[in-house]
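Residue numbers (the working numbering): 463 to 757.
(1) Taking buried to mean at least 16 other C-beta atoms within 10 Å of its own C-beta, is residue 503 buried or exposed?
(2) Any idea if residue 633 is buried or exposed, counting beta-carbon neighbours within 10 angstroms, 16 or more meaning buried?
(3) Quick one: Cα of residue 617 to Cα of residue 576, how far?
(4) Determine the burial state of residue 658: buried for a count of at least 16 other Cβ atoms within 10 Å of its Cβ, exposed for fewer.
(5) Of the choices 553, 563, 654, whose alpha-carbon is the least far from that of residue 532?
(6) Identify, in the order they occur along the chain, each residue of the same chain with its Cβ nearer than 8 Å to the Cβ of residue 666, setting aside the five sequence neighbours on each side.
(7) Indicate whether the contact test is met: 3 or more Cβ pairs, each with one atom in the stretch 613 to 629 and one in the stretch 674 to 681, closer than 8 Å.
(8) Kindly list the residues whose CB is nearer than 6 Å to the CB of residue 500, restricted to its own chain and excluding five residues on each side of it in sequence; keep chain order.
(9) By alpha-carbon positions, which one of 687, 690, 682, 653 ends up nearest to residue 672?
(10) Which residues mark the beginning and the end of the alpha helix (DSSP H) in which residue 566 is found?
(11) Taking just the CA atoms, how far does residue 682 sit from residue 567?
(12) When the Cα atoms are used, what is the spatial distance from residue 507 to residue 610?
(13) Using the C-alpha atoms, what's the distance from residue 558 back to residue 698?
(14) So residue 636 is in the beta strand (DSSP E); what residue range does that whole segment cover?
(15) Excluding sequence positions up to five away, which residues of its chain have a Cβ less than 7 Å from the Cβ of residue 663?
(16) Counting only the same chain and skipping the five closest in sequence on each side, list residues whose C-beta sits under 8 Å from that of residue 536.
(17) Quick one, which of 509, 631, 545 has its alpha-carbon nearest residue 498's?
(18) Please confirm whether residue 510 and residue 580 have their CB atoms less than 8 Å apart.
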């Protein structure tokens with residue numbers, strides 16, 4: 463099968479995928495207009511993420527919503543399987559294909575959500591900061607493993623990094639330590655369990671949703687890291703091993719947006735009432751010659 467504007471890429475779950483090629487469209491030439499918007503996001507399970515502005519994106523929970531149908535299809539496969547019989551009946555193979563298609567649908571829904579959410583976040587901001595979560599360790603908790611896998615955090619952050627590089631803006635993964643425990647207003651540690659959903663600081667009286675408070679702390683960490691990276695005299699090397707293995711992050715910023723981020727920090731756009739997010743002196747004027755920086 464062939465024709466103008468489409469190409470065959472193979473099969474997945476017995477279905478052909480035929481992506482259409484739009485003449486003249488080059489995704490590598492997408493432009494980004496600098497607006498001075500910075501954001502930190504706290505990934506979660508009840509909601510997909512909460513950002514430092516207090517906005518939330520709901521968790522679609524595709525697997526949870528499809529569990530009833532998946533169980534029905536799995537029972538159908540089990541009933542039609544005849545132990546010791548080779549080959550199995552056509553009805554058995556038909557039931558297996560139906561189950562596989564349902565899993566494929568869930569996988570595609572997750573990818574679609576990750577792509578659209580990441581792209582929208584990058585297109586509307588000039589700096590995105592998120593937690594460098596160790597997903598492999600988190601899924602060892604058998605009570606949360608299914609929900610974490612359903613949320614597809616790893617897939618989302620991969621697309622976030624992809625679109626950040628595509629648009630030439632900064633996306634920073636910061637260590638998650640104490641982002642939920644520290645007060646984003648005064649910086650003091652306020653210990654609380656995961657079941658506590660409201661942050662109440664006994665030191666300064668600041669009250670906020672725990673996820674919102676964490677997102678503010680994540681943004682503050684990212685701004686601090688960005689300032690240290692930009693001011694570093696050895697931060698723009700194209701060589702080196704795996705930065706994340708040493709606790710650092712990959713940072714890709716276009717030449718034009720590097721200067722914009724510098725002025726952004728000088729304007730001190732974050733609310734002065736939040737000392738943890740004051741960063742006017744982090745980044746003096748920077749002028750670089752290369753198109754892309756990798757730290």
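Ideal Cβ placement from N, Cα and C applies to all residues, glycine included.
With the structure as the only source:
(1) buried
(2) buried
(3) 7 Å
(4) exposed
(5) 563
(6) 645, 647, 648, 650
(7) no
(8) 589
(9) 653
(10) 552 to 585
(11) 38 Å
(12) 7 Å
(13) With a pLDDT of 46 at residue 698, under the threshold of 50, the modelled position of this residue cannot be trusted; read the value that follows with caution. Computed Cα separation, rounded: 52 Å.
(14) 632 to 636
(15) 645, 647, 648, 650, 652
(16) 561
(17) 631
(18) no
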